[in-house]
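Taking it in order: structure first as structure tokens, then the write-up.
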Amino acid sequence: MYEFDWSSIPGALPLLGKGLLVTLEVTLTAIVVGIGWGTLLAVARLSSNRLLSFLAAGYVNLFRSVPLVMVILWFYLIVPQALKGLFGQDIGDIRLVSALVAFALFEAAYYSEIIRAGIQSVPKGQVAAGLALGLTPGQTMRLVVLPQAFRNMIPLLLTQAIILFQDTSLVYVIGLSDFFGTAYKVGDRDGRLVELLLFAGAAYFVICFTVSRLVKHLQARFIK
Amino acid sequence: MNYNWNWSVFLTPVPSGETTYLGWLFTGLQWTVALSLSAWVIALVVGSIVGVLRTVPNRWLSSFAAVYVECFRNVPLLVQLFSWYFVLPELLPPALGNAYKQSDPLLQQFLAAMLCLGLFTAARVAEQVRAGIESLPRGQKNAGLAMGFTLAQVYRHVLLPMAFRIIVPPLTSEFLNIFKNSAVATTIGLIELSRQAQQLVDYTAQPYEAFIAVTLLYVCINVTVMFLMRRLEEKVRVPGFIGGK
Amino acid sequence: MIEIKNVSKWYGQFQVLTDCTTEVKKGEVVVVCGPSGSGKSTLIKCVNGLEPFQQGDIVVNGTSVGDPRTNLSKLRSHVGMVFQHFELFPHMTITDNLTIAQVKVLGRSREEATDKGLKLLDRVGLKAHAHKHPGQLSGGQQQRVAIARALAMDPICMLFDEPTSALDPEMINEVLDVMVELAQEGMTMMCVTHEMGFARKVAHRVIFMDQGRIVEDAAKDDFFGKPHSERAQQFLAKILQH
Amino acid sequence: MIEIKNVSKWYGQFQVLTDCTTEVKKGEVVVVCGPSGSGKSTLIKCVNGLEPFQQGDIVVNGTSVGDPRTNLSKLRSHVGMVFQHFELFPHMTITDNLTIAQVKVLGRSREEATDKGLKLLDRVGLKAHAHKHPGQLSGGQQQRVAIARALAMDPICMLFDEPTSALDPEMINEVLDVMVELAQEGMTMMCVTHEMGFARKVAHRVIFMDQGRIVEDAAKDDFFGKPHSERAQQFLAKILQH
Amino acid sequence: AQESPTLKKIKDTGSITLGHRESSIPFSYYDDKQQVIGYSHEMMLKAVDAIKAELKLAKLDVKLMPVTSANRITLLQNGTVDMECGSTTNNLERQKQVGFSTSIFVIGTRLMAKKDAGVKDFPDLAGKNVVTTAGTTSERLIRKMNEEKQMKMNIISAKDHGESFLTLESGRAVAFMMDDALLYGEMAKAKRPGDWVVVGTAQSKEAYGCMLRKDDAGFKKVVDAALTKAMTSGEAEKIYNKWFMNPIPPKGLNLNMPLSDDMKALYKAPNDKAYE
Ligand SMILES: Nc1ncnc2c1ncn2[C@@H]1O[C@H](COP(=O)(O)OP(=O)(O)OP(=O)(O)O)[C@@H](O)[C@H]1O
Ligand SMILES: Nc1ncnc2c1ncn2[C@@H]1O[C@H](COP(=O)(O)OP(=O)(O)OP(=O)(O)O)[C@@H](O)[C@H]1O
Ligand SMILES: [Mg+2]
Ligand SMILES: [Mg+2]
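The listed protein sequences correspond, in order, to chains A, B, C, D and E.
According to this note's numbering, the first sequence is numbered sequentially starting from -3.
According to this note's numbering, the second sequence is numbered sequentially starting from 31.
According to this note's numbering, the third sequence is numbered sequentially starting from -9.
According to this note's numbering, the fourth sequence is numbered sequentially starting from -9.
According to this note's numbering, the fifth sequence is numbered sequentially starting from 37.
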């Protein structure tokens, strides 16, 4: 029987807290930028402009067919080159920046698919009604279609956010320490890997479960 | 950048000499494919059962299914894999656990990764199956029951055939994800595709070539899967219904 | 044939049916009408056990629906039901829609079932469409197939839940025609509908429901002559006005 | 007011409208009817440019709809439209539904818009529901709000596309009553409907369409007296039968 | 000084970026305050001091950047880091991409096993499960040995040393083959360090060096001179004793790994040769 020894966890809490901060930072940026950029992509993909919709589709399919680890790695290896070209020599520590960029661009591809489905779930008649009132196509999209699309897609947006929150751990490939990575490193350093990972798993479960309950609750309250 | 490109590295023999580095990549590819496909079978079977259970009018069964889904989707895959590989054998009776741990390591790694990936994806498949069933008009179930079908027959003949057709596109995404997620098996030592990339970097010190090759291989897998699923979608398309002719 | 005795039903706190009692005799055609949300669909679904109820009892052809020992599947296979939205199975051809329950529930051979199905399809005038899928038919055609599907089980009685309300005005009649014919042949029918023309033509009795109660249960002529309750008068006035 | 001149429209290969010509004068009420799929909705959507058309022209109040230089948003803000499925915006309160276009399109202040909106809401008898969301109203109430929403823009004419066909029979009348009132006040109206009672009461002319063509375009009494075309006779017979 | 792009860059920017590992105990790792410490790290700081003196800089800004085995070469090449001292083996494949300083450590690849498991040397492993860390020289050697001597071992390649040890500890493998210094490190972390022993004859020797950009002789010369001076003056041995013979952070473990003959030889005559 395995002997569990949880003694290294209390001392590691401040470190784990720092890791959690990185996780949250990456998650929130990716959600905000991903949804913003993803919405633009979704609208472009549904637009009647062939070129625009082709480009958007290409972007989405490309990002969706490469594992996230590879995307993060590529950004880490290529972004410094690009930045160097732009700003000259010293670019300092770009780990966090390149992780943020990689996640945001990657998640945008997923969010755009969800939002596209959301837009398509809004009855065509709603667009006709908006236009018939004299709203411009842009206003109709902004005031009528998108609010409903987001509302319909809250469960899926949430599921994706939870996946994203968990996927943040992949930043280990570029040596950035998020919550999971910190737990792993502490476990490795102290020879208590199993304990630290179980602890991390429990923490993830509590956070994800609480957030999803909370969102369901809010959704039930505000959406009639 | 002072990087020495050397694409011929793939054709040079590996240190033990029995194959080339390209051969290694293909062995990795084989493991990735074998692992993903077998996990996909588990995911489909378990996911369908759990998804159906979530919709049946029995509180015990449906809350069991709900608990399953919550547990498997709120814990990171890596932690789950770790638990399957390192923790679970410790919970078995010592004799059984030790016998298992002394068996062929490759078998242990593959089993743990397959179960983990399969059951993890099953939770997500279950959600899709449930959504598919719930997207059908309620009247369909009633119509089946009203004709004298038992509940099981209603699921078998009426609800599931339609629900599965509806969820082919989201299932395609899950199928793609399982290939990408199979890369976590590397953490318990299974030499699948992404691990071979790492090996290549370690052995040849040619990281760009290795990463480019592996990225391309993943893209190939994806294109193939998308193509096959598109074909399937066309094949099962119902005339006069969603996107049918 | 169908006896409904003091049936009450709740959805959580909300009472949908309050103490409903009525009866449909063999060969009788009864029309159920009433405002939206009055519980018509719920009542008719209770008859073949699609909705459970908490009080009272319903006896169909001697079998109690409320009794937990009753084999509901068996009971339902003798009671035909037609829905507002047809509810054909979209992934099967028309022929398969007509035969599957015959084969799986009644245990008929595939040939026998197909024979029977095609005969009934011919009767509703759609033999030529046997190989198509439901999505390829118009609403009126789909509803006629749905009626044929129910008839294929040799039902002892038929339940209809607003069979024409999802149809285009022009198609309503092709379905009503089939129903009129069925009534004239002596089929026992319980029929939720607002087609008062149909009620006038073939109903023996009309039941008017409001807020989960049977407010009026009268012979056709009495009902159209002058309903007792004020609510039914109002309703009739509105529905016949334009 | 509305002139439709030789309009033809295709969806890919399929011709939906063939050479349609008609006119609605100021203050006139025109009812459009015809079998399902005959192009009624398409025609009425062409009038305010919701559907583009490939041939012919439509002139509304002096402005050509087909002209690419026309500011369609501006045109549409003068033409009220009411849809079969109401199409209220479910994420806004009733008040917001009534005011948003006034504010965003006509540039009215929020107070002015709310004032106007509430006045019209009162007119359709729903002032008490101003703070609710559309999902909390019955179908008939929603459709009345939709009419008020269109009226809030001070339209010069109104288009209706089967405004009652998604409603329960009891609610049809509350909507028709509002429409009758509007017609009697002299609003120019073009109205796709199968409610022949309404047509009899207020229409000046009836247009009958079949397979994308205007088959019959006659004064109300001529149409109900005896339509010229056989197809229209058939249709009328079916629709008035039960 | 000689023409050296790296030195020029350091001079121009007034800063140097050092690559380090995060959990290579006791070479280069984080203590519990997230400070980088370790034997290799101290050696690297010796070199930094020399660079500062060479360039006559009043102030040199030292930036630290964690690297992993997967990205250390690329980060060095693309200029993100200027030099890396951790536990990177100097070998011929790597020399095609990067340069190496004078070696700072020599290890032998040996075995760790449970005291009472009866494993004394490599031949005892025939037919058993053996674990090693993926991508290491040990992995190559043991696979080759298995092949050549028909030993019928099941070789498990774990992702990192921590997992390798876990595999050993949980009973999946009877022995863990790895660089001896790292084995001592893992042993020190174990729940019961006394249960484990490092055994067996060293299968190969490897030299750890600091990675520098290739073809930058000027820079290498400064670094080499500093490292050589530290080793020949006895400073290096003091550092060695601090990290290998005394309790070290974060938990006060003592690796108890006496100075090997190879190390003594290295300190006497520092060189930048790769074994093999
Ligand atoms: N599953 C349910 N849970 C809670 N309330 C329900 C449920 N199904 C129906 N109801 C409510 O029960 C009442 C009766 O519903 P029912 O469908 O029987 O009415 P109906 O007379 O058939 O109306 P309609 O003409 O609209 O079909 C309605 O108020 C409805 O909102
Ligand atoms: N977007 C579209 N693409 C292709 N065909 C279309 C499209 N929209 C409508 N149609 C076809 O155009 C024809 C006319 O449609 P329309 O909706 O105008 O008919 P309608 O007279 O309003 O019928 P209903 O009474 O069913 O509303 C139909 O045959 C329909 O199938
Ligand atoms: Mg009903
Ligand atoms: Mg229409």
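Idealized CB from N, CA, C, for every residue including glycine.
Collapsed DSSP secondary structure at residue i in the structure displayed
| i | result |
| --- | --- |
| residue 5/D | strand |
| residue 79/E | helix |
| residue 292/E | coil |
| residue 187/E | coil |
| residue 19/A | helix |
| residue 11/A | helix |
| residue 167/E | strand |
| residue 273/B | At residue 273/B, the pLDDT of 43 sits below 50, so the modelled position is not reliable and the matter cannot be decided from this model. |
| residue 224/D | helix |
| residue 144/E | strand |
| residue 37/E | Unreliable positioning characterises residue 37/E in this predicted model, as indicated by a pLDDT of 46, which lies under 50. The coordinate reading is nonetheless provided below. Residue 37/E: coil per DSSP, three-state reduction. |
| residue 220/A | At residue 220/A the pLDDT is 48, less than 50, meaning the model places this residue with poor confidence and gives no usable figure here. |
| residue 56/E | strand |
| residue -8/D | strand |
| residue 193/E | strand |
| residue 130/C | helix |
Among the options, the one whose alpha carbon lies nearest that of residue i
| i | options | result |
| --- | --- | --- |
| residue 59/A | 36/A, 104/A, 157/A and 182/A | 104/A |
| residue 143/C | 29/C, 230/C, 163/C and 92/C | 92/C |
| residue 147/D | 67/D, -1/D, 33/D and -6/D | 67/D |
| residue 91/B | 80/B, 100/B and 101/B | 80/B |
| residue 189/A | 201/E, 221/E, 223/E and 244/E | 201/E |
N- and C-terminal bounds of the alpha helix (DSSP H) containing residue i
| i | result |
| --- | --- |
| residue 1/A | Run containing residue 1/A: none; DSSP gives neither H nor E here. |
| residue 214/C | 210 to 215 |
| residue 126/B | 124 to 132 |
| residue 72/B | 51 to 85 |
| residue 85/C | 84 to 94 |
| residue 137/E | Residue 137/E -> no alpha helix (DSSP H), and no H or E assigned at all. |
| residue 67/D | 62 to 67 |
Residue j beta carbon less than 8 Å from that of residue i
| i | j | result |
| --- | --- | --- |
| residue 179/C | residue 198/C | no |
| residue 228/C | residue 152/D | no |
| residue 193/C | residue 205/C | no |
| residue 236/E | residue 179/E | no |
| residue 100/E | residue 88/E | no |
| residue 306/B | residue 69/B | Any property of residue 306/B remains undetermined from this structure, which presents chain B solely from 31 to 275. |
| residue 139/E | residue 126/E | yes |
| residue 217/E | residue 293/E | yes |
| residue 123/C | residue 270/B | yes |
| residue 164/C | residue 130/C | yes |
| residue 107/B | residue 211/B | yes |
| residue 100/A | residue 68/A | no |
Limits of the beta strand (DSSP E) - the one that residue i falls within
| i | result |
| --- | --- |
| residue 182/C | 178 to 182 |
| residue 211/E | 211 to 215 |
Heavy atom of ligand 6 within 7 Å of residue i beta-carbon
| i | result |
| --- | --- |
| residue 108/A | Here the bound small molecules are ligand 1, ligand 2, ligand 3 and ligand 4; ligand 6 is not part of this structure. |
Q: Determine which residues of the region 112 to 125 of chain C have a Cβ less than 8 Å from any Cβ of chain D, and write them out in chain order.
A: none
Q: Taking a Cβ distance cut-off of 8 Å, strictly less, list which residues of the region 231 to 263 of chain B are near chain E, in chain order.
A: 231, 232, 233, 234, 235, 236, 237 and 238
Q: Could you run through the region 89 to 108 of chain D and flag, in chain order, every residue whose CB is less than 7 Å away from some CB of chain A?
A: 90, 91, 94 and 95
Q | Against chain A: residues of the region 178 to 198 of chain B by CB proximity under 8 Å | A | none
(Q) By the 7 Å beta-carbon criterion, what residues does the region 144 to 167 of chain E contribute toward chain B? (A) 165
**Q.** Short-range partners of chain A found in the region 195 to 218 of chain E, where Cβ spacing is below 8 Å
**A.** 196, 197, 198, 199, 201, 202 and 206
Q. Mind listing which residues of the region 44 to 65 of chain A have their C-beta closer than 9 Å to chain B's C-betas, in chain order?
A. 57, 58, 60, 61, 62, 63, 64 and 65
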